[in-house]
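Its first residue numbered 94, the sequence shown is counted upward by one per residue in the numbering used here.
Read the structure below first, then the notes.
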Amino acid sequence: MKIKLNDISKMFGDGEGIVKAIDHVSYLFDDTGLYFITGKSGSGKSTLLNIIGGEEEPTNGTVVFDRSDFDPTKEIAYVFQDENLVFSLSLIDNLRIVSGSDAEIKKVLKEVRLNKPFGTHVNLLSKGERARLSIARAVLQKTPIILLDEPTGNLDAENSRQVYEILRGLAKEKIIIVVSHDEATAMKFGDRVIILQDGHLVEEKVLHQKGGRDVGISPWGEKTDGRLSKRIMFKYIFSRFGQKKYKLVFSFLSLFISSLLLFVSFNVVFYDQEGLLKRAIDASDVNLYQVFQYNQKDNSVPLGNGRDFYLNLTDKIQEAPIKVIDANLNGNSVKYLYGDIDDLYEQNVYVQDNEIAISDFLAEEGNYSINQYVNLNSKSLRISKIVATDYQIMKDKYDKDTFDNLADTNYNFVVTNDNCYLDIIKDKGIYASDYFLDAAFNHKANYNLRADENYLVGRAPVDSHEVAVSKAYVDRYLEGDSTKIINGEFKLDTELTFNYDLSAYFAKLEVVGVYDGASEDAFLVSENFFNRIEIPLLYDGETEFFIRNKSLKLLVSDIYHGSIILNSPSADPIQNGMYVLGVLHNISDIFISIGFALLTLSFAIILNYSYGNIKTSEKDICLLKTLGVKKWVIRGIFVTMNLLISLVVFILATLLGSFVTVHLANYFAQTYFLTFSVLTNSLFSFLLTFVLLLVIPFLVSILSVRKIDKCTIANVFKRNLA
Numbered sequence: 094m095k096i097k098l099n100d101i102s103k104m105f106g107d108g109e110g111i112v113k114a115i116d117h118v119s120y121l122f123d124d125t126g127l128y129f130i131t132g133k134s135g136s137g138k139s140t141l142l143n144i145i146g147g148e149e150e151p152t153n154g155t156v157v158f159d160r161s162d163f164d165p166t167k168e169i170a171y172v173f174q175d176e177n178l179v180f181s182l183s184l185i186d187n188l189r190i191v192s193g194s195d196a197e198i199k200k201v202l203k204e205v206r207l208n209k210p211f212g213t214h215v216n217l218l219s220k221g222e223r224a225r226l227s228i229a230r231a232v233l234q235k236t237p238i239i240l241l242d243e244p245t246g247n248l249d250a251e252n253s254r255q256v257y258e259i260l261r262g263l264a265k266e267k268i269i270i271v272v273s274h275d276e277a278t279a280m281k282f283g284d285r286v287i288i289l290q291d292g293h294l295v296e297e298k299v300l301h302q303k304g305g306r307d308v309g310i311s312p313w314g315e316k317t318d319g320r321l322s323k324r325i326m327f328k329y330i331f332s333r334f335g336q337k338k339y340k341l342v343f344s345f346l347s348l349f350i351s352s353l354l355l356f357v358s359f360n361v362v363f364y365d366q367e368g369l370l371k372r373a374i375d376a377s378d379v380n381l382y383q384v385f386q387y388n389q390k391d392n393s394v395p396l397g398n399g400r401d402f403y404l405n406l407t408d409k410i411q412e413a414p415i416k417v418i419d420a421n422l423n424g425n426s427v428k429y430l431y432g433d434i435d436d437l438y439e440q441n442v443y444v445q446d447n448e449i450a451i452s453d454f455l456a457e458e459g460n461y462s463i464n465q466y467v468n469l470n471s472k473s474l475r476i477s478k479i480v481a482t483d484y485q486i487m488k489d490k491y492d493k494d495t496f497d498n499l500a501d502t503n504y505n506f507v508v509t510n511d512n513c514y515l516d517i518i519k520d521k522g523i524y525a526s527d528y529f530l531d532a533a534f535n536h537k538a539n540y541n542l543r544a545d546e547n548y549l550v551g552r553a554p555v556d557s558h559e560v561a562v563s564k565a566y567v568d569r570y571l572e573g574d575s576t577k578i579i580n581g582e583f584k585l586d587t588e589l590t591f592n593y594d595l596s597a598y599f600a601k602l603e604v605v606g607v608y609d610g611a612s613e614d615a616f617l618v619s620e621n622f623f624n625r626i627e628i629p630l631l632y633d634g635e636t637e638f639f640i641r642n643k644s645l646k647l648l649v650s651d652i653y654h655g656s657i658i659l660n661s662p663s664a665d666p667i668q669n670g671m672y673v674l675g676v677l678h679n680i681s682d683i684f685i686s687i688g689f690a691l692l693t694l695s696f697a698i699i700l701n702y703s704y705g706n707i708k709t710s711e712k713d714i715c716l717l718k719t720l721g722v723k724k725w726v727i728r729g730i731f732v733t734m735n736l737l738i739s740l741v742v743f744i745l746a747t748l749l750g751s752f753v754t755v756h757l758a759n760y761f762a763q764t765y766f767l768t769f770s771v772l773t774n775s776l777f778s779f780l781l782t783f784v785l786l787l788v789i790p791f792l793v794s795i796l797s798v799r800k801i802d803k804c805t806i807a808n809v810f811k812r813n814l815a
């Protein structure tokens, strides 16, 4: 191996501030031997050493090796004045970085006279022992060239002598170049002595003392593959955690708090809300639920659209829902059920025309009995059956106010059939709010069928397009002149504000009579008219439907998204569960906002911590590079450090977050008297929190890796650049 310096110059600065550290130096390092570069401080010794090692580029000139494939970064070993050992590792671990053979390590340690236990911490070694350890490591690197910068500068005479005797032995098979300010020592041990002055090579002394005692191992052979064992890597990582403790704790706490808040928030946001509704339904004591459709654009629905809702419900729950409207029984408000009611409360309830069935609750409240005749609206009907309910159980379970609310919804009902319902409608009439004849007047109109009225002019309506108006209407709006309206068009421009939208059914009606009526807003229509709108009336847009508890689970998606509204008692678990879910969503919005703000702050803090860690580890980074450790391995050390912080944070944050989630769920369950859990730990929350805590160390590492790559021997180990 030969090294040839061809007219090497190195300048620092620019303009008038240029300093020539090396000025036109040429030299040939011939094969093996112990070479000394000496001179006063500032003469350029260390700069020349860095140029030979490839750590600095010369301003002018070249460094030529006699092998074209020679790589200075891999085939040159370094030993420096302060030994530059990895002080956080033990004696043996410092050597295992470059050698995988403990037998070879023992042999080299014996040759350099370092008899210490393998596990001895480097900090416990004397300066002389550290110097010998550095040389042992250089030997184990098995490179053809060793560069040493003031290797004995801090040693006494005896330790210096031992070091140089070892180096002389190594010089039989290697080029060893030593930078030293001690010319006397150089003259005593060196084969060649190069003297620098102000960057110039002023003298070379050839002493011809090549040779010496061999260290006793092959200078060539197998090297490590540039990796670190997992044990050494983690030992180093944990030693670094002991540095900058306050920054580490601050980084850890900020990341922990943000992760905790986010984890709990994710449990709320990504919680199975439909699953909550299903559990609420299971926990509910209510057997029948009133449901009605909700139109987000308009709370009202045109007459007839209720049939679409009815068919949609039937398709989803696979049974016919029970239709319901408000009715008047002997002057008292009740729920009026009609339609195909085959299994009301698991009972067969069949009623004939002119009959009704009533609930046991209503029978007790009104003192009604079977075969008794009662007035439903204005129609007299016979009670044919009393339907058993669980109202007694509910009455004992709930307080009075809660039960009254429940009873009004679920137990205060009568049952009849479609035919009876239509008869009542014809007698009672259909209510709507219309603008008619004169847009200046807003009327709540009532359209019904009464054949026994006394007609003053004209006749009763017969066809579906005919209508009769009252004498009161004529007196008020037509000055009592009936001739102005008979056979005229009954114009109607309807906007729905009450009950049904009838505009489609009252278009172009003809006024055929004026009856002796006192209500100016009561209009009479024909049997044919009612037959025309029979189906829409049976499924009118404002009619609610009863469905059973067991069928409600099939509608949870519609209930959750608001397309179906439940008319349930205030104490019902479903209503309370929905309310709690809304509260939790509001909390989660706050938690997520705070969590992501803290996460951003945590990222900045951890990035600062990582930068500081790299700064204080610069010597170790450069040392590992000179020992042949691959760059990606060095980067991996700091990536792993950040990952370990995130992993510990993830474990602690999710453990505490799980605890907080459970207690938050218990708090809401107790506050709102729920017998089911409104919140559980979501697997997706674990995964999302884990991903976020993986992203942070990788982003930090990507931003930090440039600082690792910038760490060079020239910048960190240089002593005298002048």
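C-beta: ideal position from N, C-alpha, C; glycine also.
Query: With distances taken Cα to Cα, identify the nearest neighbour of I738 among N512, L341, L630, H756.; Result: L341
Query: Give the straight-line distance between the Cα atoms of G305 and E258, rounded to the nearest whole angstrom.; Result: A caution first: G305 carries a pLDDT of 45, below 50, which makes its placement in the model too unreliable to give a value.
Query: From V550 to I517, what distance separates their C-alpha atoms?; Result: 27 Å
Query: Grab me the residues of F761's own chain with a C-beta within less than 6 Å of its C-beta, minus the 5 sequence neighbours each way, in chain order.; Result: V673, V771
Query: Could you have a look at K708 and say whether DSSP puts it in helix, strand or coil?; Result: helix
Query: Cα separation between F345 and T747?; Result: 14 Å
Query: With S477 as the anchor, note down where its beta strand (DSSP E) starts and where it stops.; Result: 472-480
Query: With DSSP as the reference, label V179 as helix, strand or coil.; Result: coil
Query: On a CA-only basis, which of C804, M487, G750 is nearest V361? Give me that one, please.; Result: G750
Query: Exposed or buried, P554, counting other C-beta atoms within 10 Å across all chains shown (16 or more means buried)?; Result: buried
Query: What do you get for V191, buried or exposed, if any count of 16 or more other CB atoms within 10 angstroms of its CB means buried?; Result: buried
Query: Just the C-alpha distance for L617 and T509, rounded to the nearest angstrom, thanks.; Result: 25 Å
Query: From P151 to I96, what distance separates their C-alpha atoms?; Result: 15 Å
Query: Taking T236 as the reference, which of P165, F173, R206 has the closest Cα?; Result: P165
Query: Let me confirm a value: I628 is counted as buried when at least 16 other C-beta atoms fall within 10 Å, else exposed. Which label applies?; Result: exposed
Query: Whole alpha helix (DSSP H) runs in the region 652-738 with 4 or more residues, listed along the chain?; Result: 666-709, 711-719
Query: Per DSSP, what kind of secondary structure is N621 in: helix, strand or coil?; Result: helix
Query: So, are the CB atoms of V205 and I228 less than 8 Å apart?; Result: yes
Query: Starting from the Cα of Q445, find the closest Cα among G522, D511, I727 and give me that residue.; Result: D511
Query: If we call anything under 8 Å between Cβ atoms a contact, is I325 one with R230?; Result: no
Query: Could you work out which residue in V357, C513, T768 is closest to F752 when comparing CA atoms only?; Result: V357
Query: Compare the Cα-Cα distances from K817 to each of G193, A250, F211 and report the closest residue.; Result: Here the chain has residues from 94 to 815 only, and residue 817 is not among them.
Query: Within its chain, find whatever has a CB closer than 6 Å to the CB of G292; leave out the 5 residues flanking it on each side and keep chain order.; Result: K113, A114, I115, D116, G137
Query: With distance defined between alpha-carbon atoms, name the residue in D123, R223, M671, K199 nearest to F158.; Result: D123
Query: Taking the C-alpha atoms as reference points, what is the distance between E266 and N706?; Result: 39 Å
Query: Can you tell me the Cβ-Cβ gap for F506 and L571, rounded? I've got them flagged as a contact below 8 Å.; Result: The pair is not a contact, with the Cβ atoms about 44 Å apart (cut-off 8 Å).
Query: Rounded to whole angstroms, how far is the Cβ of V120 from the Cβ of L142, which I believe are closer than 8 Å?; Result: One detail in the question is off: residue 120 reads as Tyr in this sequence, not Val. That belief does not hold up - the Cβ atoms of Y120 and L142 are roughly 12 Å apart, past 8 Å.
Query: Going by alpha carbons, who is nearest to E582 out of H558, G573, R569, K564?; Result: H558
Query: Roughly how many angstroms separate the alpha carbons of V788 and L353, rounded to a whole number?; Result: 16 Å
Query: Is there contact here, the region 713-731 with the region 790-800, by at least three beta-carbon pairs under 8 Å?; Result: yes
Query: According to DSSP, is R230 part of a helix, a strand, or is it coil?; Result: helix
Query: Got a sec, what are the start and stop residues for the alpha helix (DSSP H) M355 sits in?; Result: The question names Met, but residue 355 in the sequence shown is Leu. Here the alpha helix (DSSP H) through L355 covers 338-362.
Query: Leaving out five residues on either side along the sequence, give the residues of the same chain with a beta carbon under 6 Å from the beta carbon of L253.; Result: Note that residue 253 corresponds to Ser in the displayed sequence, not to Leu. Only T245 meet the Cβ criterion.
Query: K203 by DSSP, collapsed to three states: which one?; Result: helix
Query: So what's D256 in DSSP terms, helix, strand or just coil?; Result: A small correction: the amino acid at residue 256 is Val; Asp does not occupy that position in the sequence shown. Three-state result, V256: helix.
Query: Taking 8 Å as the cut-off, decide whether the C-beta atoms of D520 and N621 are in contact.; Result: no
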